[in-house]
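Okay, structure first, notes after.
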Amino acid sequence: MAEVVIVQNAEAAGALVAAEIAELIDARPDAVLGLATGSTPLPVYQALRARLEGRDVSQVRGFALDEYVGLDPAHPESYRSVITREVVEPLGLDPRRIHVPNGAEATIQHAGDDYESAIDAAGGVDLQILGIGTDGHIGFNEPGSSFASRTRVKTLTEQTREDNARFFDSIGDVPRHCITQGLGTILRARHLVLLAFGEGKAQAVADAVEGPLSAILPGSAIQLHPHATVVVDEAAASRL
Ligand code: GLP
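This is the structure:
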């Protein structure tokens, strides 16, 4: 059963999770962070700026959850760009230690296995930050994803493409495929921290925390994890 922490707002959640991450880095300067994109984790990254100021973060390592397939990594909405802009640069991390799945079409056949090997070589993820999609996806594991899945290519649902269209000029520009850590990959992280804010996430949160364990509800996979923390505001907790 995941531990649920209800906070006043996204800013408070950011401060809470940033404190936890700073503590982890103090204890282990080469900590391996599992990084998420989307708007939800941004308050964590913002709070981390102040928290990590003056600390030596040169050894910190990180693995992003997912990436679009076929989008130029230099595109401002590629997750490589987002992680660079929102995490690596503001926190002063070493970009060579921060990994994002490779969504290039030419190498996509082995990109999943390559990513799994890189996570294994790092000794696994210490703390994995997670958001959740309105359809319950974590990473880009859409409904129907196996709990045992590893990093692989997936097709985005229309719902997710619509949700993410706000980051692109039009929905036609949203890629149709992604490469994402699998639910099995995510479950191997030593601590999961899932964040969600707002009424729009209430059902997905309720399904993740209390729903039946089902591949139709990818978020419900967190119930299998021995150390999962869910940090939500009142609105996102409203259906618990
Ligand atoms: C994207 C990401 C997910 C994220 C989700 C929710 O699809 N691949 O990792 O959790 O969106 O996004 P947001 O936090 O903006 O609501």
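Each residue of the sequence shown is one higher than the last, beginning at 218 in our numbering. Each residue gets a CB set at the ideal place from its N, CA and C atoms; glycine is no exception. These numbers were taken from a predicted model, which means no experiment stands behind them.
Beta carbon of residue i: closer than 7 Å to some heavy atom of the ligand GLP?
i                 : result
phenylalanine 357 : yes
alanine 382       : no
glycine 353       : no
Buried or exposed, going by whether 16 or more other CB atoms sit within 10 Å of the CB of residue i?
i             : result
threonine 324 : exposed
serine 484    : Lying before the first or after the last residue shown, residue 484 is absent from the chain, which here runs from 218 to 457.
threonine 397 : buried
glycine 279   : buried
By DSSP, does residue i sit in helix, in strand, or in coil?
i              : result
asparagine 381 : helix
leucine 347    : strand
histidine 327  : helix
arginine 297   : helix
glycine 279    : strand
leucine 430    : coil
leucine 411    : strand
leucine 250    : strand
glutamate 220  : strand
Could you give the distance in angstroms between the alpha-carbon of residue i and the alpha-carbon of residue j?
i             : j              : result
glycine 320   : aspartate 380  : 20 Å
proline 318   : glycine 348    : 17 Å
arginine 266  : arginine 272   : 10 Å
serine 437    : aspartate 352  : 12 Å
serine 411    : threonine 257  : The residue asked about is misnamed: residue 411 is leucine in this sequence, not serine. Whole-angstrom Cα-Cα distance: 10 Å.
glutamate 459 : leucine 404    : Only positions 218 to 457 of the chain appear in this structure, which leaves residue 459 out of reach.
glutamine 345 : isoleucine 355 : 11 Å
proline 293   : arginine 393   : 17 Å
alanine 382   : threonine 372  : 15 Å
Q: Check whether the segment 300-315 touches the segment 355-364, taking contact to mean three or more Cβ pairs, one atom from each stretch, closer than 8 Å.
A: no
Q. How about the segment 220-237 and the segment 441-452: do they share at least three Cβ pairs that are nearer than 8 Å?
A. yes
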